Structures are given as structure tokens and as C-alpha cells.
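Report on the following structure.
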Amino acid sequence: MKSQPPGWFADVLLGKPPREARAAAVGLADEQFAPRDVYLQVLAPALEEVGSRWQRGTATVAQEHLATALVLSIMATLAPRLDEPPVVGRSAVLAGTDGELHAVGLRMLGDFLEADGWDIHYLGALTPEGEVERFTADMGPDVVCLSTTLTTHLPAVRSTIAALRRLPTPPLIMVGGRAYGGDAAVALGLGADAFAADAGGASELLRAHFADA
Amino acid sequence: MTAPVPTTDPLFPTRWLPLAERICERYYLEFPETDSRYGDRGRAYCAHDNAYLVAWLVDALDTAGPDSFRANVTWLRGLLHARGFPMDAFRRNLDLVEEVVVEERPDDAARIHDLVVAAQAGDPP
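Taken in order, these protein sequences are the chains called A and B.
Oh and the first sequence: position 53 is 53 in the numbering used here, straight run, nothing missing.
Oh and the second sequence: position 18 is 231 in the numbering used here, straight run, nothing missing.
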């Protein structure tokens with residue numbers, strides 16, 4: 001199975017009844033992969049493949065929605081198996097930028113951080129400007145993670161970061177998502193403290209950052 | 214007269230529609246056969262796609278960095294190619310995007326030109 005091309009699971013998401021697709025993903029976690037690797041090596045590439053098929057005109061918007069919903073339900077099944085969470089006493093706010101509809105990667109990060117023992121406040125997609133700042137002021141998290149897929153939403157990231165910086169006790173601000181094209185300099189230029197290309201990288205970075213804190 | 218822009222995106226870059234419509238006026242003068250091929254829907258998508266092209270170009274200038282424009286254009290090129298849109302027309306459309314955006318931001322003319330040339334150099338899919 002490891003010789004499968006990236007994104008091979010897209011055929012399962014789109015071609016099998018949902019119950020069978022879910023069982024197939026759980027089977028991979030039972031037999032071949034750590035649950036975390038099912039997220040990063042199976043589910044994420046599958047959604048990228050579905051998106052590419054839409055771009056090429058071989059998948060519909062409805063199929064994209066179907067695949068996304070199915071992946072989220074698979075993640076809900078696998079999340080309790082990620083790790084036995086320790087108590088770390090840290091919390092994070094996770095939000096998609098204003099206007100941002102893509103939030104599966106952010107949900108993946110939430111699951112990884114919960115498995116690491118963090119308390120997660122997941123605000124999801126389409127979080128309006130101003131709400132992240134207000135919520136952060138109320139909750140006082142250690143970290144705010146902002147996810148952005150489309151470059152047209154980056155100005156909203158800049159203004160959200162600026163607002164977070166004005167709080168009496170600003171959190172660590174991490175950003176990520178496709179909008180940055182893998183370029184940390186773009187993220188830091190917007191005022192972020194840290195950048196991660198994907199959910200796996202983000203959780204590793206936070207582990208390292210808070211290991212000695 | 215432009216048909217309604219075909220989108221349900223609540224944050225569609227509406228602010229760039231006036232520039233997009235200027236680009237489309239020039240595009241249709243050069244490619245009048247587009248009307249017989251795509252009709253009103255073609256004009257609506259011309260405005261839609263060019264609003265995004267302008268937004269991406271401005272993003273690259275102001276926030277997202279130079280590589281982002283090429284990446285976004287490559288994505289759109291792949292989408293249009295898969296739907297049979299002529300690639301020579303797409304390339305020329307990018308020239309028109311440059312022309313119109315430079316009219317708005319003359320001080321950035323050199324940067325805009327570099328971004329457009331880099332995006333045009335992307336391989337067709």
C-alpha cells in the first residue's frame with residue numbers, strides 16, 4: 001500500500017460508499033499507519049488530489065464537499081486514537097481567517113494539539129475579523145494559530161495579527177496554510193511569530209517551542 | 214454590459230471589478246470571437262477571473278510575496294486549459310492585466326512587469 005501514489009485515497013473517498021471509505025481509513029490506522037500519519041499521508045493528500053481533479057475538470061464541487069465532509073468524519077473517528085493526552089496546562093485558539101472556507105488542516109492541527117494535551121478553542125472557518133481578538137482577550141491562550149489558504153485573505157491576517165499585538169498579554173502568533181506558498185518570510189512579514197507549512201509541522205514547532213518553557 | 218459575476222464567494226474581490234472590466238473591454242476588442250464561443254457567460258467569467266488576477270497581483274505586490282502570483286496564475290491556467298480555453302489568449306490577457314494595473318500603480322510598473330513575465334513563463338499543463 002505504501003507504493004500507492006500520493007492522493008490515492010481520493011478514489012476511495014469518491015468511489016466507495018461513505019461507510020466503506022471510513023472503514024478503509026480506520027483499517028489503515030489498524031494495520032499500517034500511526035493515526036497521525038493517516039491524517040498527514042493519506043487524508044491530506046487525498047483532499048489535495050480531489051481539489052486537483054476539480055481544477056482539471058474531472059471532479060465536481062459537490063464531490064469536493066462530499067470528500068471534505070467524509071474526511072472530517074474519519075478524523076472524528078481517529079482523533080481519540082492519536083495519543084493519550086498528558087496535561088500540559090496550555091491552550092490555543094485556532095481560527096480560519098475572515099472569508100477563509102478551507103479549515104480541514106486547522107482541524108487536523110487541533111486534533112494533534114489535543115493529543116499533546118493542549119486545550120483547544122477551535123473557531124473554524126470564516127472567523128470574522130475582530131472576533132479572534134475579542135475571544136483571545138477573554139480566554140488568554142498561549143498561542144493563536146491562523147490558517148489561510150487564499151492569498152486574497154492575507155490582508156485580514158495582517159490586521160488580525162496587529163490587533164492581537166495590541167492586547168495586554170499578546171499570545172504567540174503562528175500562521176500557516178497554502179496562502180504563504182511555503183514562504184516563512186511572507187508570514188513573518190505580516191507580523192507572525194512563527195510559520196508552519198502544515199498541521200504536522202505546526203504541532204512539532206509548538207512542541208519544540210514550549211518544551212523548555 | 215457585463216453579466217452578473219458567477220460567484221457565491223462572500224469575499225469575492227469586488228473592489229477590483231472596475232479594473233477587471235477595463236481588462237475585459239480590451240480583451241474583447243482583441244478576441245471578438247470569444248462572444249460567439251462563450252456568450253454572456255464568457256463575459257461574466259472574464260470579469261470574475263480578471264478580478265481575481267488583479268487581486269492576486271496586488272497581493273503579490275503588497276502581502277503575499279512574488280512567488281504567489283505565479284502560483285495562483287499557474288493554478289488558473291491549469292483550470293482554464295482543462296476546460297479548453299485557448300492558452301495564447303490567456304497569455305495575452307496577462308499582458309492586459311499588467312497594462313491596467315500599471316495605469317493604477319505606475320510607481321510599481323517594473324515590479325508588476327517582472328511578476329507578469331514570471332507568471333507567463335509557467336509551463337502550460
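Built from N, CA and C at the ideal position, the CB exists for glycine as well.
All values derive from a computational prediction rather than experimental measurement.
Boundaries (first-last residue) of the beta strand (DSSP E) holding residue i
{"i": "Y122 of chain A", "result": "D119 to G124"}
{"i": "L307 of chain B", "result": "Element bounds for L307 of chain B: not the beta strand (DSSP E) but the alpha helix (DSSP H), M300 to E317."}
{"i": "A192 of chain A", "result": "Element bounds for A192 of chain A: n/a, residue is neither H nor E."}
{"i": "S91 of chain A", "result": "S91 to G96"}
{"i": "L146 of chain A", "result": "V143 to S147"}
Rounded straight-line distance, which links the Cα of residue j to that of residue i
{"i": "I161 of chain A", "j": "L167 of chain A", "result": "10 angstroms"}
{"i": "L172 of chain A", "j": "L274 of chain B", "result": "27 angstroms"}
{"i": "A202 of chain A", "j": "D280 of chain B", "result": "22 angstroms"}
{"i": "Y251 of chain B", "j": "P245 of chain B", "result": "11 angstroms"}
{"i": "I120 of chain A", "j": "L289 of chain B", "result": "36 angstroms"}
{"i": "M214 of chain B", "j": "G255 of chain B", "result": "The predicted model places M214 of chain B with a pLDDT of 46, which falls under 50 and marks its position as unreliable; any figure quoted below should be read in that light. Cα to Cα, M214 of chain B sits roughly 12 angstroms from G255 of chain B."}
{"i": "A46 of chain A", "j": "A185 of chain A", "result": "28 angstroms"}
{"i": "R43 of chain A", "j": "E49 of chain A", "result": "According to the sequence provided, residue 43 of chain A is Leu. The question's Arg does not apply to it. Computed Cα separation, rounded: 10 angstroms."}
{"i": "G200 of chain A", "j": "D301 of chain B", "result": "40 angstroms"}
{"i": "C145 of chain A", "j": "G176 of chain A", "result": "8 angstroms"}
{"i": "R36 of chain A", "j": "V286 of chain B", "result": "33 angstroms"}
{"i": "H294 of chain B", "j": "P155 of chain A", "result": "30 angstroms"}
{"i": "T247 of chain B", "j": "L309 of chain B", "result": "16 angstroms"}
Neighbour list for residue i in chain A, Cβ cutoff strictly below 9 angstroms
{"i": "D262 of chain B", "result": "Correct list: empty, because the minimum Cβ distance to chain A is about 13 angstroms."}
{"i": "A295 of chain B", "result": "Q55, R56, G57 and T58"}
{"i": "L292 of chain B", "result": "W54, Q55, R56 and G57"}
Amino acids of chain A, ordered along the chain, whose beta-carbon sits closer than 7 angstroms to that of residue i
{"i": "P319 of chain B", "result": "Chain A residues near P319 of chain B: none, gap ~22 angstroms exceeds 7 angstroms."}
{"i": "L232 of chain B", "result": "Neighbours of L232 of chain B on chain A: none; closest Cβ ~14 angstroms, over 7 angstroms."}
Cross-chain neighbours of residue i in chain B, by beta carbon under 8 angstroms
{"i": "T152 of chain A", "result": "L224, P226, Y265, A268, W269 and D272"}
{"i": "G181 of chain A", "result": "A277, G278, D280, S281 and A284"}
{"i": "A185 of chain A", "result": "G278"}
N- and C-terminal bounds of the alpha helix (DSSP H) containing residue i
{"i": "G201 of chain A", "result": "A199 to A211"}
{"i": "G335 of chain B", "result": "First-last for G335 of chain B: undefined, no H or E at that position."}
{"i": "L360 of chain B", "result": "No information on residue 360 of chain B is available, as it lies outside the stretch 214 to 338 that chain B covers here."}
{"i": "L164 of chain A", "result": "L154 to R165"}
{"i": "V132 of chain A", "result": "E131 to M139"}
{"i": "L13 of chain A", "result": "F9 to G15"}
{"i": "G176 of chain A", "result": "Segment L172 to G176 is the beta strand (DSSP E) holding G176 of chain A; no alpha helix (DSSP H) there."}
{"i": "P45 of chain A", "result": "A44 to R56"}
{"i": "T38 of chain A", "result": "Reading the sequence as shown, one finds Val at residue 38 of chain A and not Thr. Element bounds for V38 of chain A: n/a, residue is neither H nor E."}
Any non-hydrogen atom of the ligand HEM within 7 angstroms of residue i CB
{"i": "G89 of chain A", "result": "As presented, the structure is devoid of all ligands, the ligand HEM included, so that no description of it is given."}
Cβ distance (whole Å) where residue i is taken to contact residue j below 8 angstroms
{"i": "A268 of chain B", "j": "T152 of chain A", "result": "5 angstroms"}
{"i": "D116 of chain A", "j": "V88 of chain A", "result": "7 angstroms"}
{"i": "T77 of chain A", "j": "V26 of chain A", "result": "6 angstroms"}
Residue i: contacting residues in chain E (beta-carbon distance under 8 angstroms)
{"i": "R158 of chain A", "result": "The structure shown has no chain E; the protein chains it does contain are A and B."}
Closer than 9 angstroms at the beta carbon, the chain B residues around residue i
{"i": "P155 of chain A", "result": "D272, D275 and T276"}
Interface residues of chain B facing residue i [CB-CB closer than 7 angstroms]
{"i": "L190 of chain A", "result": "T276"}
*Kindly confirm or deny that the region 18–26 of chain A and the region 58–65 of chain A touch, where touching means at least three C-beta pairs closer than 8 angstroms.*
no
*Can you find at least 3 beta carbon pairs, one from the region 73–91 of chain A and one from the region 127–138 of chain A, that sit closer than 8 angstroms?*
no
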